[in-house]
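Working notes, structure below.
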Amino acid sequence: MGMGRLIAGVIAGIATAMPASAEQPCTGTPVQGGTVAAVQDGRTLTLADGREVRLAGIEAPADGDVLRTLVEGQPLRLTGTGEDRYGRLVAYVFRSADTEPVQLALLAAGQARVSARIGAKSCADALLAAELGARKAGLGRWADPNFAPLSSQNLTMISAARGHFALIQGRVLSVRESGATIYVNFGRRWTRDFSVIIPKRARGSFAAAGIDIKTLEHRRIRVRGIVEQRSGPIVQAIAPEQIELID
0 MGMGRLIAGV IAGIATAMPA SAEQPCTGTP VQGGTVAAVQ DGRTLTLADG
50 REVRLAGIEA PADGDVLRTL VEGQPLRLTG TGEDRYGRLV AYVFRSADTE
100 PVQLALLAAG QARVSARIGA KSCADALLAA ELGARKAGLG RWADPNFAPL
150 SSQNLTMISA ARGHFALIQG RVLSVRESGA TIYVNFGRRW TRDFSVIIPK
200 RARGSFAAAG IDIKTLEHRR IRVRGIVEQR SGPIVQAIAP EQIELID
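In numbering that gives the first Met the number 0, the protein residues as written are 0 to 246.
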């Protein structure tokens with residue numbers, strides 16, 4: 000079975016699994032649709048009218064073959080969430096006959112990962128659930144060990160990911176506060192070990208999402224975001240969907 004047909008089957012399966020009355024959780028402002036003229040990479044499209052569209056909510060490998068097979072030449076419906084700094088429309092993308100966005104199908108088939116900031120909790124939950132199912136089943140890219148979440152103790156691999164999006168998981172050693180910042184530490188040496196940095200002003204949004212930052216100590220968590228290098232490697236977590244509780 001070709002990858003496009005496989006993902007089309009995934010879309011159909013997702014739609015069937017949802018109650019008939021269920022609202023699509025990942026939406027935006029309806030904007031003019033269009034036909035895909037070209038696929039630039041794993042999450043960027045060019046429409047026949049020249050507009051460029053960035054798929055909202057996902058990070059995907061640069062290789063756009065899977066997306067190309069799925070949407071090239073297809074008419075699409077779009078719900079926009081805004082524009083990125085390059086002027087591209089950021090949107091959830093629907094093939095004309097589908098009720099679920101292409102993003103959800105790519106995640107469920109193991110061809111993408113959920114990005115760091117989604118916004119709506121219902122959408123984040125749906126996308127994360129699709130990603131988790133594919134990861135547990137070893138589907139698509141998840142069959143490649145290099146696509147797997149990094150261990151919080153593997154400082155070599157984390158440092159190599161500097162400037163790139165990554166999933167990192169492990170057990171939290173301590174949670175500390177200093178000034179306007181909360182530090183979620185995975186090691187004793189803050190000048191070397193991995194940490195997650197959360198601004199105190201974001202505490203309320205995490206609490207509203209069911210994450211009490213103070214109670215993360217000694218728990219296993221998974222964090223997603225861009226790896227930066229401060230004294231040691233860090234990921235800044237501003238949105239609650241960046242942190243998942245493993246146990």
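Glycine is no exception: its CB is placed at the ideal position from the N, C-alpha and C atoms.
Hey, Ile197 and Ile210: beta-carbon distance below 7 Å or not? The count along the sequence shown starts at 1 and reaches residue 197 at position 198. The count along the sequence shown starts at 1 and reaches residue 210 at position 211. No, they are not a contact pair.
Just tell me which of Val30, Ile242, Val174, Ala179 has its CA closest to the CA of Glu216. Along the sequence shown, read from residue 1 onward, the residue named residue 216 stands at position 217. Looking at the Cα atoms, Val174 is the closest of the given residues.
If I measure Cβ to Cβ from Ala123 and keep anything under 6 Å in the same chain, skipping five residues before and after, which residues do I get? For the purposes of this step, residue 123 is taken as residue 124 along the sequence shown, with counting starting at 1. Closer than 6 Å at Cβ, skipping near neighbours: Ile117, Glu240.
State the DSSP-derived secondary structure class of Asn184, mapped to helix, strand or coil. Position 185 of the sequence shown, counted from the first residue, corresponds to residue 184. Three-state result, Asn184: strand.
Quick check on the burial criterion: 16 or more other C-beta atoms within 10 angstroms. Buried or exposed for Asp64? In the sequence shown, the residue the question calls residue 64 occupies position 65. Exposed, because fewer than 16 other Cβ atoms sit within 10 Å of the Cβ of Asp64.
Taking DSSP as the reference, what is the three-state secondary structure of Met0? What you label residue 0 is simply residue 1 of the sequence shown in a count that begins at 1. For Met0, the predicted model reports a pLDDT of 47, less than 50, meaning its position is unreliable and no value from the coordinates is stated.
By DSSP's criteria, Leu91 is part of a beta bridge. Which residues make up the other side? Counted from its first residue, the sequence shown places residue 91 at position 92. Note that residue 91 is Tyr in the sequence shown here, rather than Leu. Paired residues: Thr78.
Count the other CB atoms within 10 Å of the CB of Asp97; is the residue buried (16 or more) or exposed (fewer)? Your numbering for residue 97 matches position 98 in the sequence shown. Answer is buried; the Cβ neighbour count reaches 16.
Hey, out of Leu127, Glu99, Ser121, whose CA is closest to Arg112's CA? Residue numbering aside, residue 112 sits at position 113 when the sequence shown is read from its first letter. Checking every option, the nearest Cα to that of Arg112 belongs to Leu127.
Tell me whether Leu138 sits in a helix, a strand or coil according to DSSP, three-state version. For the purposes of this step, residue 138 is taken as residue 139 along the sequence shown, with counting starting at 1. Leu138: coil per DSSP, three-state reduction.
Pair within 7 Å by beta-carbon distance, Ser194 and Gly169: What you label residue 194 is simply residue 195 of the sequence shown in a count that begins at 1. What you label residue 169 is simply residue 170 of the sequence shown in a count that begins at 1. Against a cut-off of 7 Å, the Cβ pair of Gly169 and Ser194 comes out as no contact.
With distance defined between alpha-carbon atoms, name the residue in Ile220, Ile167, Ile57, Ala160 nearest to Asp246. Sequence index remark: in the sequence shown, residue 246 carries index 247 (1-based). For Asp246, the nearest C-alpha among the options comes from Ile220.
Less than 7 Å between the C-beta atoms of Val89 and Gly81, yes or no? Within the sequence shown, numbered from 1, the residue matching residue 89 stands at position 90. Within the sequence shown, numbered from 1, the residue matching residue 81 stands at position 82. Cβ distance < 7 Å, so Val89 and Gly81 count as in contact.
Note down, in chain order, each residue of its chain lying with its Cβ closer than 7 Å to the Cβ of Asp48, except the 5 sequence neighbours on either side. To locate residue 48, count along the sequence shown from 1; it is residue 49. Result list for Asp48: Gly33, in chain order.
Contact set for Gly132: own chain, Cβ-Cβ below 7 Å, skip 5 residues either direction: Here residue 132 is taken as the residue at index 133 of the sequence shown, counted from 1. Contacts found: Ala107.
Evaluate Thr214 with the Cβ neighbour count: other Cβ atoms within 10 Å of its Cβ, from every protein chain shown; 16 or more gives buried, anything less gives exposed. Residue 214 sits at position 215 when you count from the first residue of the sequence shown. Answer is exposed; the Cβ neighbour count stays below 16.
Please confirm whether Pro148 and Leu166 have their CB atoms less than 7 Å apart. Taking the sequence shown and counting its residues from 1, one reaches residue 148 at position 149. Taking the sequence shown and counting its residues from 1, one reaches residue 166 at position 167. Yes. Within cutoff.
When DSSP builds the beta bridges, which residues end up paired with Ile196? Translated into positions along the sequence shown, residue 196 becomes position 197. According to DSSP, which records beta bridges pairwise, Ile196 is partnered with Tyr182, Gln235.
Take Gly109 as the anchor and find which of Ser230, Ala208, Ile57, Leu172 has the nearest alpha-carbon. In the sequence shown, residue 109 corresponds to position 110, counting from 1. Ranking the options by Cα distance to Gly109, first place goes to Ile57.
With 16 other Cβ atoms within 10 Å as the buried cut-off, status of Gln102: Within the sequence shown, numbered from 1, the residue matching residue 102 stands at position 103. Result: buried.
Could you check the C-alpha separation between Thr68 and Ile233 for me, to the nearest Å? Here residue 68 is taken as the residue at index 69 of the sequence shown, counted from 1. Here residue 233 is taken as the residue at index 234 of the sequence shown, counted from 1. Cα-Cα distance, rounded: 36 Å.
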